[in-house]
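Single-structure report; data block below.
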Amino acid sequence: MSWMKSNKLKRDKILFLIKVKQLIEKGFPLQHAMKFLFEQMHVLSDQDNTLIIDEIERGASLSDVLNQLNYHQKIVHIISMGEKTGHLLLSIQSSIELLKTYEEERKKLIKTIQYPLMLIMIFMVMIIALKIFVLPHFNHLYTSMNIDDETSIRLLKVLIFNLPNVVLIVIFLSILFLIILYVLNATLPKLKFVQLLLKIPIINLYYKEYLTFTICYDFSLFMKSNIAFKEMIDCWKEDQKDRFLYELSLEIENELKKGTSFIDALDSLSIVTGSCIDYLKLSKSTHHMDEELKLVAEFSLFNFKKYLTQDLKIVQPILFTLIGFIIMSIYLILILPMIQMLQVIE
Numbered sequence: 001m002s003w004m005k006s007n008k009l010k011r012d013k014i015l016f017l018i019k020v021k022q023l024i025e026k027g028f029p030l031q032h033a034m035k036f037l038f039e040q041m042h043v044l045s046d047q048d049n050t051l052i053i054d055e056i057e058r059g060a061s062l063s064d065v066l067n068q069l070n071y072h073q074k075i076v077h078i079i080s081m082g083e084k085t086g087h088l089l090l091s092i093q094s095s096i097e098l099l100k101t102y103e104e105e106r107k108k109l110i111k112t113i114q115y116p117l118m119l120i121m122i123f124m125v126m127i128i129a130l131k132i133f134v135l136p137h138f139n140h141l142y143t144s145m146n147i148d149d150e151t152s153i154r155l156l157k158v159l160i161f162n163l164p165n166v167v168l169i170v171i172f173l174s175i176l177f178l179i180i181l182y183v184l185n186a187t188l189p190k191l192k193f194v195q196l197l198l199k200i201p202i203i204n205l206y207y208k209e210y211l212t213f214t215i216c217y218d219f220s221l222f223m224k225s226n227i228a229f230k231e232m233i234d235c236w237k238e239d240q241k242d243r244f245l246y247e248l249s250l251e252i253e254n255e256l257k258k259g260t261s262f263i264d265a266l267d268s269l270s271i272v273t274g275s276c277i278d279y280l281k282l283s284k285s286t287h288h289m290d291e292e293l294k295l296v297a298e299f300s301l302f303n304f305k306k307y308l309t310q311d312l313k314i315v316q317p318i319l320f321t322l323i324g325f326i327i328m329s330i331y332l333i334l335i336l337p338m339i340q341m342l343q344v345i346e
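Residue numbers (the UniProt record's numbering): 1 to 346.
Rendered as structure tokens:
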């Protein structure tokens with residue numbers, strides 16, 4: 001799946017689109033501009049570079065080239081729509097802006113989750129090291145000295161010994177869940193899979209905001225190109241690179257044939273937020289709809305980050321509490337039997 005592969009241009013993925021746009025604006029034919037850039041840029045391996053140039057010489061479109069380079073599928077879709085509607089420069093500019101947004105948000109996301117991830121790693125290392133290296137030695141020591149554990153100490157030992165198993169079970173179940181989702185994604189129609197994800201608690205909150213961002217961004221781009229909703233559906237249907245939008249267009253088209261309005265058809269699928277639907281119903285005659293839809297998309301991205309921050313604020317205290325519990329348990333497991341031993345000696 002292309003979304004799992006890293007972009008072959010790496011840090012130059014935005015620069016490449018900027019240079020393509022500049023060359024087209026200066027009068028270069030698209031194929032000539034792309035070929036020139038790949039001959040000058042030395043980011044790809046020789047094999048990939050030769051393969052891409054051969055594709056360009058055979059008449060590959062910009063969207064085909066970006067797909068070969070493992071650009072985000074959303075970027076490929078936007079460029080493909082620009083090629084079909086005759087607004088390629090606008091699509092390239094929108095793609096540049098979107099890629100910059102992705103990069104900024106990726107950096108913010110890493111900063112947001114790196115601390116909780118570090119806590120989780122510390123927590124796992126502590127309980128595994130405790131079970132493997134510490135507790136067995138003290139068990140042997142206390143057994144050899146005929147020291148009986150108190151009930152509280154035995155309870156703490158049971159908890160500490162079983163905590164790694166609980167963590168491993170949680171990890172196993174999480175991996176199993178991801179494998180099931182992967183298989184379902186590969187076997188189910190894309191729209192059905194998306195609707196399934198939207199029924200899963202917590203995931204549905206994040207995914208609906210992401211879908212709202214994706215669809216509203218598309219709406220904004222089409223509105224800026226003076227393309228109506230019906231024409232937009234036709235563009236989605238013609239572009240089969242994005243299976244979700246392709247199947248969504250077929251579903252909406254079926255509803256339109258029944259006499260349902262576009263907005264009601266979209267609402268019936270329950271794949272975007274209620275605030276997005278409310279906006280579309282209120283603003284369908286607005287002259288600045290393209291900019292306003294872009295703002296709706298940005299608000300969805302903001303809500304996505306807000307939910308993530310809120311959930312992490314819940315997770316962090318739980319991790320701190322568990323780490324504190326482990327440290328106190330270690331202290332009690334090690335110290336209390338020694339105190340008991342001293343009392344026996346006295």
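Using N, Cα and C, we set each Cβ at its ideal position, and we do this for glycine too.
Could you give the distance in angstroms between the alpha-carbon of residue i and the alpha-carbon of residue j?
i	j	result
K305	I110	12 Å
I56	I252	35 Å
Y217	E39	33 Å
E25	L173	53 Å
F28	M41	17 Å
L319	I171	16 Å
F193	M121	32 Å
F219	K258	23 Å
L266	L293	15 Å
L312	I202	13 Å
A297	L163	42 Å
M4	K281	Note on M4: pLDDT 47, under 50, position unreliable in the model; no value is reported.
C276	E238	25 Å
N226	Y115	45 Å
I179	L188	14 Å
K107	T101	10 Å
L119	V315	10 Å
R154	V125	22 Å
I233	I327	59 Å
Q64	Q31	Inspection of the sequence shows that residue 64 is occupied by Asp rather than by Gln. Rounded to whole angstroms, D64 to Q31 spans 12 Å at the Cα level.
R11	E103	10 Å
A228	L248	16 Å
T112	S329	30 Å
R58	K230	33 Å
I169	F302	34 Å
L159	T321	15 Å
Between residue i and chain B, is there a C-beta pair that is closer than 7 Å?
i	result
F133	In the structure shown, chain B cannot be found, because there is only a single protein chain.
Within the continuous alpha helix (DSSP H) that includes residue i, where are the two ends?
i	result
F229	F229 to E238
M223	I203 to K224
A265	F262 to L269
H72	No alpha helix (DSSP H) holds H72; DSSP gives it neither H nor E.
A33	L30 to Q40
L282	G274 to L282
N254	R243 to K257
R106	L88 to A129
F193	K190 to L197
V20	K13 to E25
I53	D46 to E57
Excluding five sequence neighbours on each side, which residues of the same chain lie with their C-beta closer than 6 Å to the C-beta of residue i?
i	result
I323	F123
L221	S94
D290	S220, M223 and K224
Q240	Y246
M1	Summary for M1: the model assigns pLDDT 44, below 50, so the residue's position carries little reliability, and this model does not support an answer.
K13	N7
residue 392	Because the chain in this structure spans residues 1 to 346, residue 392 falls outside the shown range and cannot be described.
If you drop the 5 nearest sequence neighbours on each side, which residues of the same chain put their C-beta closer than 8 Å to that of residue i?
i	result
I53	K35, F38 and E39
L89	K21, I24, E25 and G82
L184	F193 and L196
F262	F229, K230, I233, I252 and L256
CB-CB under 7 Å to residue i, same chain, minus the five flanking residues each way: which ones, in chain order?
i	result
Y207	L197 and L198
residue 347	Because the chain spans 1 through 346 in this model, residue 347 falls outside it and cannot be assessed.
Y75	The amino acid occupying residue 75 in the given sequence is Ile; Tyr does not appear at that position. Excluding residues within five positions, the ones whose Cβ falls inside 7 Å are L66, S95, L98 and L99.
Q68	I52 and E55
H87	S225
T309	T112
T85	S225, I227 and C235
L250	K237
residue 349	Absent from the structure is residue 349, since the part of the chain shown begins at 1 and ends at 346.
I'd like to check one pair, residue j with residue i: are the Cβ atoms closer than 7 Å?
i	j	result
L205	Y279	no
I78	S61	no
L211	I271	yes
V43	A33	no
Y71	N165	no
F213	S300	yes
L156	L332	yes
Q73	D242	yes
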